[in-house]
Each structure stands twice: as structure tokens, then as C-alpha cells.
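First the structure, in the form of C-alpha cells, and then the observations on it.
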Amino acid sequence: MGRIVFFLTLIAAGLAIALFVFDGDVPTGGQTYAQSSGNFGLRQTSSPDASTASPPAAVSTPVSASPSQSPINRCVNMGGALEAENEGDWGYTIRRSDFTRIRAMGFDTVRIPVKWSAHADPLPPYSIDPSLFTRVDTVAKQAIDAGLQPIIDVHHYDDINEDPKGHTPRLMAIWKQISEHYANWPDDLIFELLNEPHTELTAKRIDKLNRALLRQVRETNPDRWVILGGGNWGSLEGLMETNPPYDPRAIVTFHYYEPFEFTHQGAPWAWKKVPLGQTWGTSEDRQDVVAHLTAAARWQEKVGMPVFLGEFGVYVEVDDTQRAQYVEFVRRTSERLGMGWCYWDWGTTLGMYNLERETLHPGFQTALFAD
Ligand code: BGC
Numbered sequence: 001m002g003r004i005v006f007f008l009t010l011i012a013a014g015l016a017i018a019l020f021v022f023d024g025d026v027p028t029g030g031q032t033y034a035q036s037s038g039n040f041g042l043r044q045t046s047s048p049d050a051s052t053a054s055p056p057a058a059v060s061t062p063v064s065a066s067p068s069q070s071p072i073n074r075c076v077n078m079g080g081a082l083e084a085e086n087e088g089d090w091g092y093t094i095r096r097s098d099f100t101r102i103r104a105m106g107f108d109t110v111r112i113p114v115k116w117s118a119h120a121d122p123l124p125p126y127s128i129d130p131s132l133f134t135r136v137d138t139v140a141k142q143a144i145d146a147g148l149q150p151i152i153d154v155h156h157y158d159d160i161n162e163d164p165k166g167h168t169p170r171l172m173a174i175w176k177q178i179s180e181h182y183a184n185w186p187d188d189l190i191f192e193l194l195n196e197p198h199t200e201l202t203a204k205r206i207d208k209l210n211r212a213l214l215r216q217v218r219e220t221n222p223d224r225w226v227i228l229g230g231g232n233w234g235s236l237e238g239l240m241e242t243n244p245p246y247d248p249r250a251i252v253t254f255h256y257y258e259p260f261e262f263t264h265q266g267a268p269w270a271w272k273k274v275p276l277g278q279t280w281g282t283s284e285d286r287q288d289v290v291a292h293l294t295a296a297a298r299w300q301e302k303v304g305m306p307v308f309l310g311e312f313g314v315y316v317e318v319d320d321t322q323r324a325q326y327v328e329f330v331r332r333t334s335e336r337l338g339m340g341w342c343y344w345d346w347g348t349t350l351g352m353y354n355l356e357r358e359t360l361h362p363g364f365q366t367a368l369f370a371d
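Just so we're aligned: 143 in the working numbering is position 143 of the sequence shown, and the numbers increase by one with no gaps anywhere.
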């Protein structure tokens with residue numbers, strides 16, 4: 001008994017030190033990670049100049065804690081559905097059968113982007129339309145029934161990127177409602193605070209916002225896994241600029257679409273228009289991916305929180321062999337480095353599944369699941 005008390009005391013002391021170390025910001029320092037191209041993970045930035053920004057300072061103070069184990073390994077984004085103003089506007093409505101299929105393929109998680117801001121009052125108390133909750137409940141429950149962990153995020157809250165100060169109270173109110181609504185749901189449900197912060201929502205501002213949102217979520221959901229991201233469109237550069245609040249049940253996310261000219265070639269919504277026909281696969285191309293993802297994985301060790309590759313993929317119109325080759329390499333590299341990943345997306349813009357033919361796009365089974 002005395003030994004148990006002694007060990008418990010030791011653990012408690014360790015925890016107290018860890019909490020002390022992590023209270024508030026994660027310390028930053030001057031160390032930078034190797035970059036092979038100087039522009040990692042930048043996407044859809046309004047100005048191409050951003051890609052020449054000086055390398056971000058990375059977290060350098062070693063911490064003793066090893067990252068907690070993320071529950072997310074293999075995930076797919078349910079893009080193009082609830083991310084639209086109204087589900088169905090972009091031609092896709094999530095079906096129960098999608099989740100059954102996704103689970104059978106070997107995924108453990110689905111990320112469900114939701115445009116909550118289109119269904120919340122513009123004025124206080126910023127009430128969310130109950131019919132959106134009804135729909136998200138249905139979809140999230142279908143995912144859980146199928147054996148998947150649904151991640152629900154706040155996606156496409158465009159105005160907060162232009163006017164963070166003006167929209168912070170509304171986002172806080174949106175998360176208060178979501179947190180209260182799902183407080184008693186099983187642990188399988190995961191929250192992601194905000195997709196791809198950018199423009200005026202700078203690294204510093206997103207850190208402050210993440211801290212306030214997380215504190216509020218914790219009032220009602222003390223143990224739920226919560227995903228936080230950095231600025232600069234959630235890119236790798238944004239990840240390495242961020243100082244997220246430490247939390248033992250938090251995961252830090254970034255999106256990876258490099259080289260953007262390859263992954264978004266031909267895509268009508270891309271900020272940089274590049275015609276179809278670009279290829280990927282030289283040894284230099286591969287080295288770049290390894291260097292970028294290694295930087296993310298090292299960062300994960302430094303901050304003691306798992307890092308999650310929350311989006312990656314190639315535009316659906318690109319040649320399938322090229323798509324599959326890139327996707328397989330990114331997926332394998334991410335797994336080798338111990339990072340969970342989430343393909344963008346199931347059946348729309350960068351789809352892995354052909355919704356019309358009800359079949360996978362060629363090469364995707366191997367690309368995402370081969371040993
Ligand atoms: C956006 C989607 C887009 C995808 C690929 C996501 O973050 O929400 O609308 O299709 O990125 O560019």
C-alpha cells in the first residue's frame with residue numbers, strides 16, 4: 001500500500017511539473033527544421049508572395065512528455081456535403097451506406113466538415129438552427145453505428161478570417177452550443193475547432209483563439225479529443241508557427257497539398273491556376289514530401305501532442321495513376337512517421353470514391369491500404 005502511495009505521489013508530482021511546464025504557451029525557440037523547398041504546405045494563400053516568407057521558428061525546447069496516443073489512424077473527409085451552405089448544394093448528401101463502406105475498407109475515422117456559420121444567427125446569442133443539429137446528429141450517429149469516430153469541425157467560417165475580433169464572440173457562442181449539445185455523446189465523437197485559419201487570423205491570433213475555445217469546450221467536455229490548428233490555411237508552415245495550448249487530449253492538425261501545382265492542377269477554385277498535365281514522382285519530389293512530413297513529425301515530439309495530417313489529396317480530374325502514386329507516398333510516409341492521416345475527400349473535389357459508379361477510383365485501395 002505504502003509503495004502504491006509512493007508511486008502515486010511520484011506520478012502526481014510528475015504531472016504537476018508537466019502542467020507547470022505546459023501552463024499557457026508551449027515554449028518556442030530559434031531552431032528550424034530542414035526544408036527542402038522553403039515553402040511547405042502553403043495552399044490557397046491569396047498572394048503567392050507568402051510562399052517566400054522566411055522559415056518559421058519551430059518549437060525547440062525539448063519536453064519530457066511523449067505525445068499521447070492519437071485515436072486517429074486512417075480517416076477520410078466527408079467533403080462537399082455539410083461544408084456547403086446547405087447539404088446537397090454541391091451535389092452530394094452523406095448516406096449511411098457511405099459509412100458502412102468506409103468502415104469495411106479499413107478506415108477508423110471520418111472528418112465531417114460543417115458550415116455552422118451559415119446556420120447561426122448573426123446577432124447574439126447567435127443561436128444555431130436546431131435543424132442543423134438534427135442533421136449533424138443523424139450523420140454523426142450513423143458514423144458511430146458503423147464503427148467510425150466522427151470528427152465535426154467548424155468549416156468555411158470565412159468572415160472570421162477577415163475580421164477575427166468582430167467574429168470571435170460568435171465563434172465562441174457557436175462552440176458553446178456545440179459543446180453543450182454533444183457533452184454526453186460517446187468519446188468516439190471528436191471536435192475540431194476551426195478549419196484552415198488564414199488572412200487576418202494570424203498565428204498569434206489563432207493561438208489566443210484556440211486557447212479561449214479549448215478552455216470553454218473543457219467546461220462541458222473534459223475528456224473529449226479536440227483538434228486544433230495553426231494559421232496560414234492550416235499549412236505546415238502555419239503548424240510550425242503556432243504555440244498551441246497543451247492539453248493531454250488535444251491533437252494538432254495541418255493540411256498538406258504540396259506541390260500545390262500538382263495537387264490542384266486544373267482545379268477551378270485554386271488560387272493558382274495550373275493546367276492539367278503536371279506530373280509528380282521524381283526522387284526530388286519524394287524527398288520534398290519526406291522532408292516536409294518529417295518536420296511535422298519532429299514538431300509532434302517536441303510539443304508532446306500528436307500531429308494529425310487532416311487533409312491531403314489530388315484533384316479528381318488528374319490522371320488516376322498519378323493521383324494514386326502521390327497519395328500512396330504521402331500516406332506511407334505519414335504512417336512511417338507515426339502520424340494519423342485523413343484523405344480529402346470521399347466523393348467530391350479530390351474524391352477517392354466515384355459516387356456515380358459506386359466504386360473506388362482506380363489505384364486507391366492500394367494507395368491507402370496496402371502494407
Ligand atoms: C476545402 C474544400 C476543398 C479542399 C481541397 C478543403 O479545405 O474545404 O472545399 O475542395 O480543401 O482544396
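For each residue, glycine too, the CB sits at the ideal point set by N, CA and C. Predicted model, so just to flag it, every value in this text is computed and none were measured.
Going by DSSP, what residue range makes up the alpha helix (DSSP H) through residue i?
| i | result |
| --- | --- |
| residue 292 | 283-303 |
| residue 169 | 164-182 |
| residue 74 | From DSSP, residue 74 is part of no alpha helix (DSSP H) but of the beta strand (DSSP E) over 74-77. |
| residue 134 | 130-145 |
| residue 263 | 260-263 |
To which residues of the same chain is residue i closer than 8 Å at the C-beta, ignoring the five residues directly before and after it?
| i | result |
| --- | --- |
| residue 180 | 220 |
| residue 314 | 262, 263, 322, 323, 326, 327 and 350 |
| residue 223 | 187 and 249 |
| residue 135 | 82 and 87 |
| residue 266 | 274, 275, 276, 315, 317 and 318 |
| residue 84 | 90 and 115 |
What do you reckon, are the CB atoms on residue i and residue j nearer than 8 Å?
| i | j | result |
| --- | --- | --- |
| residue 234 | residue 254 | yes |
| residue 307 | residue 296 | yes |
| residue 341 | residue 331 | yes |
| residue 151 | residue 95 | no |
| residue 335 | residue 292 | no |
| residue 126 | residue 174 | yes |
| residue 247 | residue 209 | no |
| residue 312 | residue 343 | yes |
| residue 299 | residue 239 | yes |
| residue 211 | residue 169 | no |
Give me, in chain order, the residues of the same chain whose beta-carbon lies closer than 6 Å to that of residue i; leave out the 5 immediate sequence neighbours on both sides.
| i | result |
| --- | --- |
| residue 227 | 192, 251 and 253 |
| residue 144 | 188 |
| residue 159 | 167 |
| residue 157 | 117 |
| residue 362 | 320 |
| residue 353 | 346, 347 and 360 |
| residue 78 | 94, 110, 112 and 346 |
| residue 198 | 161 and 233 |
| residue 183 | 220 and 221 |
Which residues does DSSP pair with residue i in a beta bridge?
| i | result |
| --- | --- |
| residue 311 | 255 |
| residue 118 | Answer by DSSP bridge pairing: none, since residue 118 is not bridged. |
| residue 185 | Answer is none; residue 185 lacks a bridge partner. |
| residue 151 | 111 and 190 |
| residue 360 | 353 |
| residue 373 | Because the chain is modelled from 1 through 371, residue 373 falls outside the range shown and cannot be assessed. |
| residue 229 | 253 |
Helix, strand or coil for residue i? Go by DSSP, reduced to three states.
| i | result |
| --- | --- |
| residue 323 | helix |
| residue 355 | coil |
| residue 234 | helix |
| residue 365 | helix |
| residue 95 | coil |
| residue 224 | coil |
| residue 86 | coil |
| residue 43 | With a pLDDT of 41 at residue 43, under the threshold of 50, the modelled position of this residue cannot be trusted, and the question is left open. |
| residue 269 | coil |
| residue 161 | helix |
| residue 279 | coil |
| residue 214 | helix |
| residue 317 | coil |
| residue 274 | coil |
| residue 123 | coil |
| residue 328 | helix |
| residue 196 | coil |
| residue 81 | coil |
| residue 100 | helix |
| residue 370 | coil |
From what residue to what residue does the beta strand (DSSP E) around residue i run?
| i | result |
| --- | --- |
| residue 192 | 190-192 |
| residue 337 | Per DSSP, residue 337 belongs to no beta strand (DSSP E) and is neither H nor E. |
Ignore the nearest five residues each way along the sequence and tell me which others in residue i's own chain have a CB closer than 7 Å to its CB.
| i | result |
| --- | --- |
| residue 129 | 119 |
| residue 289 | 329, 330 and 333 |
| residue 286 | 329 |
| residue 155 | 83, 113, 114, 115 and 195 |
| residue 201 | 160, 161, 164 and 231 |
| residue 225 | 71, 190, 249 and 251 |
| residue 107 | 74, 75, 76 and 148 |
| residue 133 | 181 |
| residue 279 | 322 |
Cβ of residue i versus every heavy atom of ligand 3: is any distance shorter than 7 Å?
| i | result |
| --- | --- |
| residue 194 | Questions concerning ligand 3 fall outside what the structure shown contains, since the ligands it does hold are ligand 1. |
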